[in-house]
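Asks: My questions all concern the structure below.
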Amino acid sequence: MAFDYFAKESVDIAVIETGLGGRLDSTNIITPMLSIITNIALDHCEHLGFTLGEIAREKAGIIKHGVPVVIGEVLHSTRPIFTRKAEEMESKILFAQEYKFKDVRISDYDMDLKGDYQRFNLRTVLTSLYVLSTNEKFREIVHNNWSDSIIREALKFTAKTTGLGEDGYI
Numbered sequence: 001m002a003f004d005y006f007a008k009e010s011v012d013i014a015v016i017e018t019g020l021g022g023r024l025d026s027t028n029i030i031t032p033m034l035s036i037i038t039n040i041a042l043d044h045c046e047h048l049g050f051t052l053g054e055i056a057r058e059k060a061g062i063i064k065h066g067v068p069v070v071i072g073e074v075l076h077s078t079r080p081i082f083t084r085k086a087e088e089m090e091s092k093i094l095f096a097q098e099y100k101f102k103d104v105r106i107s108d109y110d111m112d113l114k115g116d117y118q119r120f121n122l123r124t125v126l127t128s129l130y131v132l133s134t135n136e137k138f139r140e141i142v143h144n145n146w147s148d149s150i151i152r153e154a155l156k157f158t159a160k161t162t163g164l165g166e167d168g169y170i
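All residue numbers for the sequence shown refer to UniProt numbering, where the first residue is 1 and numbers rise by one.
Printed below as a string of structure tokens:
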């Protein structure tokens, strides 16, 4: 239904979130510009698996051939799973926790979303934007018209625009 709506509205860029995971998720019918795996936790175990490794293997199912992937939070036990899948799919992989930004300090960004984990999420977002900025189609769509100041401005209104709570907590 969402894909039909996006097509009718001629959406240039859509952020598509998987339902329960990756490998068997209905969103696997598309080929994205970028895949992002935010974090791995013991959640939806009856569908994804009962260990972090099993869940990581399911989540890695969104990694597509030749499509870069950003891993937000990496654990010692999940890193080899994501790395192996990215190699199989000939996809560039970046681990947001380890990515070194040039002239950027995460602590310099103000966000209206509260909680320490939001800094992990921000690092994932900024790493993802870096990857997208190297994609010619993405640059054409945004007409190279995005900047650090636009990102900073957007971060001030995330809670309001997403409905995640006026107090900034989810």
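Just so it is clear, CB atoms sit at the ideal spot from N, CA and C, and this is done for glycine as well.
So does the segment 114-128 actually touch the segment 78-85, counting three or more Cβ pairs closer than 8 Å?
Replies: Contact between the segment 114-128 and the segment 78-85 is absent, because fewer than three Cβ pairs lie under 8 Å.
Asks: Identify every run of the alpha helix (DSSP H) within the segment 47-87, keeping only runs that are complete inside it and at least 4 residues long; order them along the chain.
Replies: Here the runs fully enclosed are 52-59.
Asks: Quick one: Cα of Leu52 to Cα of Glu153, how far?
Replies: About 36 Å.
Asks: Taking the alpha carbon of Asp148 as the reference point, which residue from Ala2, Asp108 and Asn121 has its own alpha carbon closest?
Replies: The shortest C-alpha separation from Asp148 is found at Asp108.
Asks: Alpha carbon to alpha carbon, what distance is there between Phe120 and Ile106?
Replies: Near 9 Å, if we compare the C-alpha coordinates of Phe120 and Ile106.
Asks: When the Cβ atoms of the segment 53-60 are set against those of the segment 91-103, are three or more pairs found closer than 8 Å?
Replies: They do not touch, by the three-pair rule.
Asks: Does the beta-carbon of Ala7 have 16 or more other beta-carbons within 10 angstroms, so that it is buried, or is it exposed?
Replies: It is exposed - the Cβ of Ala7 has fewer than 16 other Cβ atoms within 10 Å.
Asks: Can you give me the C-alpha to C-alpha distance between Ile29 and Phe3, rounded to a whole angstrom?
Replies: Those two C-alpha atoms are separated by around 10 Å.
Asks: Indicate the three-state DSSP secondary structure (helix, strand or coil) for Phe157 in the structure shown.
Replies: Here Phe157 sits in coil by DSSP.
Asks: Rounded to a whole number of angstroms, what is the C-alpha to C-alpha distance between Val69 and Lys100?
Replies: Each residue's Cα considered, the two are about 16 Å apart.
Asks: Could you give the C-beta distance for Leu35 and Ile63, rounded to a whole number, given that I count them as a contact under 8 Å?
Replies: Strictly speaking, residue 35 in this sequence is Ser, with Leu absent from that position. 6 Å between Cβ atoms; contact.
Asks: Can you tell me the Cα-Cα spacing of Arg23 and Lys85, whole angstroms?
Replies: One C-alpha to the other measures close to 12 Å.
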